[in-house]
Amino acid sequence: MGRVMQIAAFSLAEVTYAVGGSNITYQIQESVKSARFRLRTKQENVSGVFLPQFESFTTNDAKDDFGLTGLGKGGQQVQRCRETYRRAVETLVELASLQTAFVTLDEVIKVVNRRVNAIEHVIIPRTENTIKYINSELDEMDREEFYRLKKASHFVSNKKQRDQAAADKELQRQRNKTDGGADDEPLDVLGTQEDDDVIF
Numbered sequence: 020m021g022r023v024m025q026i027a028a029f030s031l032a033e034v035t036y037a038v039g040g041s042n043i044t045y046q047i048q049e050s051v052k053s054a055r056f057r058l059r060t061k062q063e064n065v066s067g068v069f070l071p072q073f074e075s076f077t078t079n080d081a082k083d084d085f086g087l088t089g090l091g092k093g094g095q096q097v098q099r100c101r102e103t104y105r106r107a108v109e110t111l112v113e114l115a116s117l118q119t120a121f122v123t124l125d126e127v128i129k130v131v132n133r134r135v136n137a138i139e140h141v142i143i144p145r146t147e148n149t150i151k152y153i154n155s156e157l158d159e160m161d162r163e164e165f166y167r168l169k170k171a172s173h174f175v176s177n178k179k180q181r182d183q184a185a186a187d188k189e190l191q192r193q194r195n196k197t198d199g200g201a202d203d204e205p206l207d208v209l210g211t212q213e214d215d216d217v218i219f
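Residue numbers (this note's numbering): 20 to 219.
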């Protein structure tokens with residue numbers, strides 16, 4: 020870009036030198052009726068971001084506004100300067116398009132970075148804490164359920180043992196009753212059977 024503008028400035032200096040002391044800018048301004056360079060804008064969608072695009076074009080006027088400019092002297096330098104500045108304007112328009120796209124993309128990147136930081140530093144830690152809390156509650160519920168089932172199975176097995184012992188006792192009593200009538204030995208009340216200790 021700097022090189023293009025440098026060449027354009029040198030070509031303008033050549034025109035000023037070739038024309039001499041006369042004021043060429045006045046002649047150029049008087050000869051131009053309308054702008055030959057026009058700017059066309061459009062928007063380009065890049066990953067959901069609309070970027071403005073500028074495109075320069077020249078009007079197709081058959082009439083040349085610079086036909087008589089520099090007729091006395093310096094006409095060749097004027098035409099060369101005109102071409103140089105045409106290229107400079109095209110380069111400036113392209114640069115403006117790129118710069119606008121860069122600024123727009125920079126703003127979008129900043130917004131996306133803010134969102135990423137919010138997700139990374141706020142939402143993900145909150146979600147992880149919620150998951151840890153839910154897992155700890157589920158583990159606690161599993162432990163409680165295991166303890167409940169263990170107690171219930173212990174209670175059921177104790178009940179079965181008590182029922183079995185009661186049934187055995189009843190069966191023994193029944194046998195003793197039936198055997199007691201046939202035997203002549205009476206049951207000893209203070210005899211050899213063991214009593215449970217009673218603690219006061």
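Glycine residues also receive a C-beta, built at the ideal position from the N, C-alpha and C atoms.
Bear in mind the structure is a predicted one, so any value in this text is a computation, not a measurement.
How far does the alpha helix (DSSP H) with residue i in it extend, from its first residue to its last?
i      : result
SER75  : Looking at the DSSP string, SER75 is not in any alpha helix (DSSP H); the run it does join, the beta strand (DSSP E), is 68-77.
ILE128 : 94-137
ILE26  : 21-38
Buried or exposed: residue i, going by 16 or more other Cβ atoms within 10 Å of its Cβ?
i      : result
TYR166 : exposed
LEU157 : exposed
GLN191 : exposed
ALA81  : Because ALA81 sits at a pLDDT of 45, beneath the cut-off of 50, its placement in the model cannot be relied upon, and the following sentence gives the value as read from the coordinates. Answer is exposed; the Cβ neighbour count stays below 16.
THR103 : buried
LEU70  : buried
ALA137 : exposed
GLN96  : buried
ALA186 : exposed
ALA27  : buried
For residue i, which of helix, strand or coil comes out of DSSP?
i      : result
LYS52  : coil
GLU240 : Not covered by the structure: residue 240. The range shown for the chain is 20 to 219.
GLU164 : helix
VAL217 : coil
Roughly how many angstroms separate the alpha carbons of residue i and residue j, rounded to a whole number?
i      : j      : result
VAL122 : ALA115 : 10 Å
GLU113 : THR60  : 12 Å
GLU74  : ILE143 : 45 Å
HIS140 : LEU124 : 24 Å
ASP65  : ALA37  : With the sequence shown as reference, residue 65 is identified as Val, and Asp is not the correct amino acid for it. In a straight line, the C-alpha of VAL65 is about 49 Å away from that of ALA37.
GLY94  : VAL131 : 55 Å
GLN118 : VAL68  : 15 Å
THR35  : VAL108 : 20 Å
GLU33  : ILE128 : 46 Å
LYS170 : GLN183 : 20 Å
THR110 : SER50  : 25 Å
GLU163 : GLN180 : 26 Å
ALA201 : LYS188 : Confidence at ALA201 is low in this model, with a pLDDT of 48, below 50, so its placement is unreliable and the value that follows should be read with caution. Distance between the alpha carbons of ALA201 and LYS188: 20 Å.
ASN148 : GLU126 : 32 Å
SER30  : CYS100 : 5 Å
LEU58  : ARG134 : 36 Å
GLN98  : ILE47  : 12 Å
GLU63  : THR77  : 22 Å
VAL217 : LEU168 : 33 Å
MET160 : ILE153 : 10 Å
Checking the sheet assignment: what are the DSSP bridge partners for residue i?
i     : result
LEU58 : SER75
At a cut-off of 7 Å, would you count residue i as near the ligand HEM, judging by its Cβ distance to the nearest heavy atom?
i      : result
TYR104 : Annotation note on the ligand HEM: not contained in the displayed structure, which lists no ligands.
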